[in-house]
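Data block below; observations after.
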Amino acid sequence: MSEVKITAPLAEGVYRKVTLRLIPFLFVCYTFAFLDRINIGVGKLEMVKDLGLNDLIYSTGAGIFFLGYVLMEIPSNLMLARVGVRKTFSRILILWGLAAAGTAFVVLPWQLYSVRFLLGLFEAGLYPGVIFYLTRWYPAERRAKVIAIFTCATGIAGLIGGPLSGLLMTSFDGAAGLHGWQWMFIVEGLPTCLIGVAAFFYLDDGPAEASWLSGPEKTLVLKNLNVDSDDTAYGAHSFAAALADYRVYLLALIWFTQICGVFVIGFWLPTIIKSFGIDSPLHVGLLSAIPYFCSWIALILLGRSSDARNERAWHCGLAMVAGAAGLVAAGMITSSLPLSLLFLSIATSGILACNPILWAIATDYLSGRAAAGAIAVVNTIGLLGGYVSPMIMGWAKTLTGNLAAGLYIIAAILLVGALVSIVFTPAMLRGRRLSGGASSGSPFDAVVSP
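Residue numbers for the sequence shown follow the working numbering, beginning at 29 and rising by one.
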């Protein structure tokens, strides 16, 4: 057989093909995942009154999602490595869609806690599963941009989710004897079940199983992954070793601080906007889209900048500093909605934009067979921030009557994450490169046989 030299332009074409096949579908999956997590923030505008809930009950219900998520996170990702992507993602999507729609029928606080716990239990594993899945397709130097595109789903979910949720609550209120917020949960939850069925038939477990790639294209992708694996040999340690590696916990700490910020925005942004006298759920939803739109732009730009400069720590850390500054400024604004939206947009942009950079750091360091479990450890510990954050906000609102104190506390937490990112991650990644050795060749220089 003749050998075909894979040039950089040809390799770009292969990865463009992979991206167009995988990323739009995964993007839709995560858009619904994030939407089904945060739509309770818009639903709160009416459901607390209809069900007789207070801010502390709401914050507990919103945050308890993450206890279920954390409980199932590592088992779900270990199962992914064993049973494959198609079956795992399909199970996750179908079950969480049913739980999300079931939120419409809660009446008592314990029912809200139960269905939110189940939602977290069923959704566990999706995000780190996708991150691990992408390591089966893309070498390290390509991941930040791809993860950034995928993670834009959080911004899109906020961008379309607020107006959509507000529209559903306003338009369907009273239809078939249900409140508008009940219709919101049903309409936004059930489509996920259909996506779960599609995932089983659409996704492949890896490049070797992809019928839409030619033989040389498969070989190129697999060859580049082998080069990447050689360059990150230090990361190919056992799952047990990952648990004993303090640097895994540094990554988890950064993720924890960022998650605290993410779900201040996700669960409390509509409430902050309503506090300026905006009563219509539709108007609140439309205004809440503004910070997410800004974050969508920031996320893409920061991901490209990080890849172009091959620098992670400062990009991640400074984005978190911007997020903290935005929260502090927003907490000080009590009389101007435009100014509040400006600072909330800065906060949301900084908080969400550092997400793909952090996971690029994680996947640079963690590779090989340990990746699924180690990534799950990072995500599991980090997602506890999703429980801590709303509880801080709920207690702050209960004790002080406003959200400013809670915003200041979360800002301080973000600054801790920024410090860890800037100080510790450069040394961690230098250690990986020294241990694994740098590759002198280009990943485009693979030679494959048709």
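Ideal Cβ positions, reconstructed from N, Cα and C, are used throughout, including at glycine. As the structure is a prediction and not an experimental result, all values here were calculated from the model.
Once you ignore the five residues that flank residue 321 on each side, which residues in its own chain have a CB closer than 6 angstroms to its CB? 187, listed in sequence order.
Return the chain-ordered list of same chain residues with a C-beta closer than 8 angstroms to the C-beta of residue 155, the five sequence neighbours on each side being excluded. Once the five neighbours on either side are set aside, the close Cβ partners of residue 155 are 58, 61, 407.
Pick out whichever of 214, 75, 452 has its Cα sitting closest to the Cα of residue 137. 75
Keeping to the same chain, check which residues put their C-beta closer than 6 angstroms to that of residue 362; ignore five residues upstream and five downstream. Counting only Cβ-Cβ distances below 6 angstroms, and skipping sequence neighbours, we find nothing.
Please tell me whether, using a cut-off of 7 angstroms, the distance from the CB of residue 282 to the nearest non-hydrogen atom of the ligand MN is below it. Ligands displayed in this structure: none; no statement on the ligand MN is therefore possible.
Given a cut-off of 8 angstroms, decide if residue 114 and residue 233 are closer than it, judged by their beta-carbon atoms. A contact, by the Cβ cut-off of 8 angstroms.
Under 8 angstroms Cβ to Cβ from residue 419, same chain only, skipping five residues before and after it: list those, please. 87, 88, 91
Pick from 67, 338, 211: whose alpha carbon is nearest that of residue 392? 338
By DSSP, does residue 169 sit in helix, in strand, or in coil? helix
Can you tell me whether DSSP reads residue 264 as helix, strand or coil? Legend: pLDDT at residue 264 = 42, less than 50; position of this residue unreliable, value from coordinates given subsequently. Three-state DSSP puts residue 264 in coil, outside helix and strand.
Quick check on this structure: which residue in 373, 286, 326 has the alpha carbon closest to the alpha carbon of residue 316? 373
How about the region 419-435 and the region 237-252: do they share at least three Cβ pairs that are nearer than 8 angstroms? no
Using the C-alpha atoms, what's the distance from residue 331 back to residue 258? For residue 258, the predicted model reports a pLDDT of 45, less than 50, meaning its position is unreliable; a value from the coordinates is still stated below. The straight-line gap from Cα to Cα measures roughly 25 angstroms.
Tell me whether residue 362 sits in a helix, a strand or coil according to DSSP, three-state version. Residue 362 falls in the coil class under three-state DSSP.
Enumerated in chain order, which unbroken segments of the alpha helix (DSSP H) with a length of 4 residues or greater are wholly contained in the region 120-156? 137-151
Determine the closest residue to residue 415 out of 107, 52, 294, with distance taken between C-alpha atoms. 294
If I measure Cβ to Cβ from residue 41 and keep anything under 6 angstroms in the same chain, skipping five residues before and after, which residues do I get? none
Could you name the residues of the same chain whose beta carbon sits closer than 6 angstroms to that of residue 349, not counting the 5 residues immediately before and after it, in chain order? Cβ within range, chain order: 446.
Alpha carbon to alpha carbon, how far is residue 143 from residue 211? 16 angstroms
Does DSSP put residue 303 in a helix, a strand or coil? coil
Pick helix, strand or coil for residue 272, following the three-state DSSP scheme. Here residue 272 carries a coil assignment [DSSP, helix/strand/coil].
Whole runs of the beta strand (DSSP E) within the region 183-229, excluding any shorter than 3 residues: none
Measure the alpha-carbon distance for residue 307 versus residue 359 and round it to whole angstroms. 20 angstroms
When you compare each of 77, 451, 150, 159 to residue 404 by their alpha carbons, which one comes out closest? 159
Close-in-space but distant-in-sequence residues of the same chain around residue 227 (CB under 8 angstroms, 5 per side omitted): 53, 57, 114, 117, 118, 121
What span of residues does the alpha helix (DSSP H) with residue 332 cover, start to end? 309-337
Among the residues of its own chain, which have a CB less than 8 angstroms from the CB of residue 44, if the five just before and after it don't count? none
Continuous alpha helix (DSSP H) stretch holding residue 87: start and end: 83-111
C-alpha gap between residue 217 and residue 238, whole angstroms: Put simply, the backbone Cα of residue 217 is about 30 angstroms away from that of residue 238.
Shortest alpha-carbon distance to residue 200 belongs to which of 429, 439, 309? Cα-wise, what sits closest to residue 200 is 309.
Taking the Cβ atom as the reference point for each residue, do residue 224 and residue 125 lie within a distance shorter than 8 angstroms? Between residue 224 and residue 125, the CB-CB gap stays under 8 angstroms.
Quick one: give me the first and last residue of the alpha helix (DSSP H) that residue 418 is part of. Its alpha helix (DSSP H) spans residues 413-428.
Rounding to the nearest angstrom, what Cα-Cα distance links residue 190 and residue 67 in this structure? 7 angstroms
Residue 296 beta carbon less than 8 angstroms from that of residue 69: yes
As assigned by DSSP and simplified to three states, the class of residue 258: Residue placement at residue 258 is flagged as unreliable, the pLDDT there being 45, under the threshold of 50; a coordinate-derived value is accordingly withheld.
In whole angstroms, what is the alpha-carbon distance linking residue 341 and residue 203? 51 angstroms
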